[in-house]
Structures are given as C-alpha cells and as structure tokens.
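**Q** In my numbering, the protein residues as written are 494 to 622.
Every residue, glycine too, gets a C-beta built ideally from N, C-alpha and C.
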Amino acid sequence: MASWEDVRRLAMAMPETAEVTSRETLSWTVNKKGFVWERPLRRSDLQALGDQAPDGPILAAQVADLTVKEAFLADDPEVYFTTPHFNGYAAILIRLDRIPVEELAEVITDAWLCRAPKRLAKAYLDTQP
494 MASWEDVRRL AMAMPETAEV TSRETLSWTV NKKGFVWERP LRRSDLQALG DQAPDGPILA
554 AQVADLTVKE AFLADDPEVY FTTPHFNGYA AILIRLDRIP VEELAEVITD AWLCRAPKRL
614 AKAYLDTQP
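Right under this line is the structure:
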C-alpha cells in the first residue's frame, strides 16, 4: 500500500511540479494549482462520517469532473470517499494506506493532467507510450 513518500515521488515526477507546505500540510502543485494534497479530516468531516471515518492518512486528489468523482466513489468505497465539504467539487479523498502504489500513480497522473496548462499536458502526453 502507498505512503507519503510514494505520493511525493510520484507527484514530483510530473513536469513542473512543486511541493508546498501550508498550515503544516503538504500539497503538490503545477502552475500554482494544487492537484494532490494532504487532507486531514476536520471536526465537521468526522461528525459527518461518524463511525465510517477513517483513521489513517488521507490524500485529496483533483478529478476531471463530478462524473469521474462518482465513478471513483462507486468503484472502490474502501479506498475512495468524500465528505460534505467536497460536495459539488471535483475532488476525491483517498485512504492512502489502502491504495496500491500502481493505482496511486494513475490517480496522481490524472490529477496532474486536470490542473496542468494545456500545452504542458499535451507535451507530457506526447512523450507517453
């Protein structure tokens, strides 16, 4: 299963990515736009999730749109979830200790593609097999 070191390695492998610390949490940005970030659960999240609230590390990731978000949530609710704070927002929450590293790599790449400038995303995609 994945760790914060895996997140860092995979995110920083994407072109023009920067690692930023804000309010003691990590995030990874491209063109100053966050695409994945550490997202500890807040009191309101814990209240909303109740007994279903995970206690491990949580990563948030940008997704293309709300349809993609719903697909992630339906695909594997043991890994992907959301809270009312993210209602209407194209991002998912990930139980980091439950996602395989290979799957995390895909999520991070897709998140980066959502936020990268079009020219940079195209250049990246043109180099992929």
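#1: Here's a check: name, in chain order, each residue in its chain whose Cβ is nearer than 6 angstroms to the Cβ of residue 601, leaving out the five neighbours to either side.
#2: Take residue 518 as the anchor and find which of 525, 551, 537 has the nearest alpha-carbon.
#3: Considering only the alpha carbon of each residue, which of 507, 494, 495 lies closest to residue 620?
#4: For the beta strand (DSSP E) that contains residue 537, what are its first and last residues?
#5: Measure the C-alpha to C-alpha separation of residue 510 and residue 540 and round it to an integer number of angstroms.
#6: What did DSSP end up calling residue 506 once you bin it into helix, strand or coil?
#7: Whole angstroms are fine: how far does the CA of residue 496 sit from the CA of residue 537?
#8: Per DSSP, residue 526 forms a beta bridge with which residues?
#9: Taking the straight line between their C-alpha atoms, what separation do you get for residue 520 and residue 512?
#10: For residue 498, which of 610, 605, 594 has the nearest alpha-carbon?
#11: Could you name the residues of the same chain whose beta carbon sits closer than 8 angstroms to that of residue 494, not counting the 5 residues immediately before and after it, in chain order?
**A** According to the structure data:
#1: Looking up residue 601 in the sequence shown gives position 108. Cβ within range, chain order: 503, 504, 529.
#2: Residue numbering aside, residue 518 sits at position 25 when the sequence shown is read from its first letter. Taking only the C-alpha atoms, the option nearest residue 518 is 551.
#3: Position 127 of the sequence shown holds residue 620. For residue 620, the nearest C-alpha among the options comes from 507.
#4: What you label residue 537 is simply residue 44 of the sequence shown in a count that begins at 1. Looking at the DSSP string, residue 537 is not in any beta strand (DSSP E); the run it does join, the alpha helix (DSSP H), is 536-542.
#5: The residue you call residue 510 lines up with position 17 of the sequence shown. The residue you call residue 540 lines up with position 47 of the sequence shown. Distance between the alpha carbons of residue 510 and residue 540 is about 34 angstroms.
#6: Indexing the sequence shown from 1 puts residue 506 at position 13. In the structure shown, residue 506 sits in coil (DSSP, three-state: anything other than H, G, I, E or B).
#7: Along the sequence shown, one-based indexing puts residue 537 at 44. Along the sequence shown, one-based indexing puts residue 496 at 3. Approximately 25 angstroms between the Cα atoms of the pair.
#8: Within the sequence shown, residue 526 is the residue found at index 33, counting from 1. Note: residue 526 sits in a beta bridge opposite 523.
#9: Position 27 of the sequence shown, counting from 1, holds the residue named residue 520. Position 19 of the sequence shown, counting from 1, holds the residue named residue 512. The alpha-carbon atoms of residue 520 and residue 512 are separated by roughly 6 angstroms.
#10: Within the sequence shown, numbered from 1, the residue matching residue 498 stands at position 5. Looking at the Cα atoms, 594 is the closest of the given residues.
#11: Stepping through the sequence shown from its first residue, residue 494 is reached at position 1. Cβ neighbours of residue 494 beyond the five flanking positions: 589, 590, 591, 592, 593, 594.
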